[in-house]
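Protein chains in written order, with our numbering: chain A, 10 to 423; chain B, 10 to 423.
To keep things clear, I will list the structure first and then write my remarks on it.
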């Protein structure tokens with residue numbers, strides 16, 4: 010089973026947006042056992058759309074198209090698909106009523122353009138878009154394939170994939186499984202790693218495909234198996250990764266997996282423990298990562314973005330004399346922030362960050378990128394200093410990741 | 010002049026990485042006056058590479074390929090290109106010496122695999138990769154086109170584009186210009202906006218292409234002109250955007266580059282005013298938007314993510330009886346949060362949000378998506394209730410955008 014993903018929109022071709030839709034769609038399809046043959050991005054151009062569909066249906070049973078379903082003149086996907094299938098557009102009363110109600114709730118008048126959003130090709134199965142105004146469309150092709158058109162707004166696409174497209178694909182096709190597992194190594198260059206594990210690589214069974222994914226100080230090793238018995242392939246991959254420990258054990262970080270904040274979310278929820286966060290340089294990023302997860306209110310008590318010195322003292326009881334003596338970016342202040350917010354918020358665990366995100370504010374002793382982070386637990390407080398890079402957004406994201414990691418190191422022992 | 014960008018790597022097709030390379034390449038080519046006809050991602054598969062190149066050279070004079078140039082067995086781009094051009098690989102001593110020195114500086118031994126990285130097809134022009142071990146390759150095709158192969162590591166690709174590829178394209182082709190300008194509007198739904206500016210849109214000259222790019226509470230209007238005199242097109246676009254002010258002046262934020270939070274950032278910095286934020290359902294997102302901007306510490310005093318009722322009472326002095334009487338998601342609590350954090354943080358202005366981000370916690374009276382937001386100023390406090398949608402991440406991002414917008418409405422009068 011092969012699929013092609015087509016994204017439509019000039020904003021992609023001119024580099025105005027970063028495409029995350031196809032990342033999500035590709036993962037969903039792979040989980041289902043459908044291999045992606047190609048991803049293709051084209052403009053809002055009727056000819057290009059038709060040519061591309063015509064080409065890819067020859068090799069892909071499933072074609073997922075996103076984008077170009079908005080109410081304005083530059084959106085031409087729906088009309089192009091209607092023409093492609095020789096079908097007329099007709100008003101779908103259910104979708105029309107849904108759009109009207111959706112807009113009413115937001116206090117937006119229902120216009121002729123909105124009415125047009127409920128016009129769909131007669132020949133398609135309408136995929137109800139509970140979260141937006143543009144319905145998805147499912148077309149069955151003459152030779153047993155499927156062409157699906159989804160809106161390009163990421164969360165609308167995501168809900169439609171999960172709620173409408175995946176269940177239909179699952180019941181429509183008999184699918185085999187695809188398994189990808191990735192092992193993270195660090196501290197060894199790609200070429201050296203490849204030589205070190207050459208014998209292991211040569212002994213891999215033919216159906217396991219190895220890929221090397223290098224990044225600064227890290228090489229990820231991915232083993233993929235297509236069209237297999239999933240459980241068997243997982244066991245086999247685990248066995249081969251285990252064998253690597255004897256060769257490069259010191260360089261192995263672990264399996265690529267769910268995010269660290271998700272692991273923390275699960276531990277805190279399961280154990281009924283509470284969390285609080287005090288952030289200076291990370292400015293709310295850590296709090297937003299936890300609160301983005303449904304159910305966070307079970308354990309997330311409070312976050313304090315104590316940006317000013319006064320906020321550090323007044324809200325979470327950092328000692329002003331210590332700020333003056335050691336500086337706001339110091340071990341002492343990081344520790345007091347973690348302990349302070351833990352106490353003020355009535356939490357069991359707390360994370361704190363204080364650092365210099367730049368571009369200004371650095372010094373020789375504390376250059377831009379210097380971040381102190383602390384974790385307060387019921388028993389103790391630990392603090393660590395790390396240099397988190399040179400670019401403001403990089404520093405914020407690295408400091409957030411390191412601090413969350415520190416908490417996880419404590420929690421995983423429970 | 011048309012170009013196609015081909016990215017090679019299974020990690021793209023399985024959704025393991027978010028592609029930012031093509032965003033950067035597309036921007037560079039557009040700036041040069043080269044339009045992207047298509048972006049295409051395929052796997053590490055010799056047949057797919059050859060087929061795709063064969064197809065796209067028919068319509069694109071320039072083809073940029075990234076990925077598959079590493080030292081390991083899964084990297085096949087170079088061998089495939091050599092075969093495609095009927096050329097043999099030969100050792101390039103300059104590149105070999107460069108790789109050796111580069112590895113030596115990092116304390117990594119020079120291996121046979123590294124030596125192979127300096128093997129390049131005889132027929133290509135080598136593009137020196139000062140920051141990595143895989144050289145870029147420039148191939149002239151029989152019918153006057155160009156095929157360029159670059160490594161997929163983002164900073165190596167970026168450096169090669171800027172230092173090697175763009176200057177060569179500029180001197181090789183006579184290029185016209187491409188102009189894109191984007192105007193940001195807020196507070197008006199896409200369909201309503203389209204109706205409001207229909208006459209203006211219809212009167213645009215044919216060479217100016219209008220696109221609508223919707224996001225929560227924001228619609229960006231992009232005008233694009235291809236193959237034009239750049240200065241003339243820029244003047245013309247400026248004139249048309251200016252004409253929009255008479256129609257939707259209240260909804261215009263400004264040209265892309267300026268977000269509402271940036272406008273607030275500028276006002277607060279210029280006037281020496283201080284800001285604080287109290288967030289419940291937005292969970293730190295508003296704070297992180299302000300603190301992401303360099304210089305935020307000039308005015309951003311504190312944010313409090315008062316997720317629990319206790320945090321609302323203990324940290325920012327919300328009245329517990331009011332929470333019990335009216336609920337945490339209520340006008341009363343939103344007002345007290347804004348006033349409380351303004352006072353606790355010693356700020357002039359404060360934003361507060363409290364709402365139901367879901368998926369749980371909704372009721373008939375207060376369904377998921379209900380958000381109360383308040384702004385406290387030195388003179389008064391205002392509060393508004395809005396329905397922010399149905400999906401958790403959508404609710405968080407819309408509520409953040411609306412609340413920031415409310416503050417801007419107050420500040421722009423200063």
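Note that CB positions come from ideal geometry on N, CA and C, so glycine has one too.
- Residue 412/B is a Cβ neighbour of residue 382/B, given a cutoff of 7 Å.
- Between the alpha carbons of residue 80/B and residue 190/A lies a distance of about 21 Å.
- Look at the stretch 260-292 of chain A: the residues with a C-beta under 7 Å from a C-beta of chain B are 292.
- Using beta-carbon distances, residue 50/B counts as an interface residue toward chain A, with a partner under 7 Å.
- The C-beta distance from residue 225/B to residue 406/B rounds to 5 Å, short enough to fall under 8 Å.
- Taking 3 residues as the minimum length, the beta strand (DSSP E) runs contained wholly in the stretch 207-235 of chain B are 218-224, in order along the chain.
- Within the stretch 336-374 of chain A, the beta strand (DSSP E) runs of at least 3 residues that lie entirely inside it are, in chain order, 358-364.
- For residue 164/A, the nearest beta carbon of chain B is closer than 7 Å to its own beta carbon.
- When the five nearest sequence neighbours on each side are left out, the beta carbons in the same chain lying within less than 7 Å of the beta carbon of residue 76/B are those of 16, 17, 18, 86, 161, in order along the chain.
- Between residue 231/B and residue 247/B, the CB-CB gap reaches or exceeds 7 Å.
- Between the alpha carbons of residue 185/A and residue 175/A lies a gap of roughly 15 Å.
- Per DSSP, reduced to three states, the secondary structure at residue 105/A is helical.
- The C-beta of residue 171/B comes no closer than 7 Å to any C-beta of chain A.
- Nearest CB-CB separation between residue 352/B and chain A: not below the 7 Å threshold.
- Considering only 389/A, 387/A, 415/A, 385/A, the residue with the shortest C-alpha distance to residue 395/A is 415/A.
- The contact set of residue 411/A on chain B, defined by CB atoms closer than 7 Å, is empty, because the minimum CB distance reaches about 17 Å.
- Taking the Cα positions, residue 409/B is about 42 Å away from residue 96/A.
- Residues of chain A whose Cβ lies closer than 9 Å to the Cβ of residue 319/B are, in chain order, 310, 311, 354, 355.
- Contact annotation, residue 188/B with residue 252/B: C-beta distance approximately 17 Å; criterion of less than 8 Å not satisfied.
- Interface flag for residue 306/B against chain A is set, since a Cβ pair is found closer than 7 Å.
- The stretch 199-207 of chain A and the stretch 163-172 of chain A do not touch, with fewer than 3 CB-CB distances between them shorter than 8 Å.
- In this structure, the alpha-carbon of residue 236/A lies about 33 Å from that of residue 72/B.
- Distance from residue 61/A to residue 49/A at the Cβ level is roughly 6 Å; contact confirmed, criterion being Cβ atoms closer than 8 Å.
- Taking the Cα of residue 141/B as reference, the smallest distance to any Cα among 154/B, 118/B, 111/B, 121/B is reached at 111/B.
- Within chain A, the residues placing a beta-carbon under 8 Å from that of residue 204/B are 120, 121, 122, ordered along the chain.
- Residue 361/A does not reach chain B, its nearest Cβ partner there being about 14 Å away, counting only Cβ pairs nearer than 9 Å.
- Listed in chain order, the non-local C-beta contacts of residue 397/A below 6 Å within the same chain comprise 378, 380, 404, 407, 408, local neighbours out to five positions each way being set aside.
- Contact between the stretch 290-310 of chain A and the stretch 296-315 of chain B is present: three or more C-beta pairs spanning the two stretches fall below 8 Å.
- Under the three-state reduction of DSSP output, residue 185/B falls in the coil class, being neither helix nor strand.
- Taking a 10 Å sphere around the C-beta of residue 130/A, we find 16 or more other C-beta atoms and assign the residue as buried.
- Look at residue 314/B: its C-beta is under 7 Å from a C-beta on chain A.
- Annotation: residue 151/B to residue 64/A spans about 25 Å, alpha carbon to alpha carbon.
- Separation of residue 366/A and residue 386/A (C-alpha to C-alpha, rounded to the nearest whole angstrom) is 26 Å.
- The C-beta distance from residue 90/B to residue 52/B rounds to 16 Å, too long to meet the 8 Å contact threshold.
- In summary, the residues of the stretch 26-37 of chain A whose CB is separated from some CB of chain B by less than 9 Å are 26, 27, 28, 29, 31, 32, 33, 34, 35, 36, 37, in the order they occur in the chain.
- Nearest to residue 198/A by C-alpha distance, out of 421/A, 343/A, 227/A, is 227/A.
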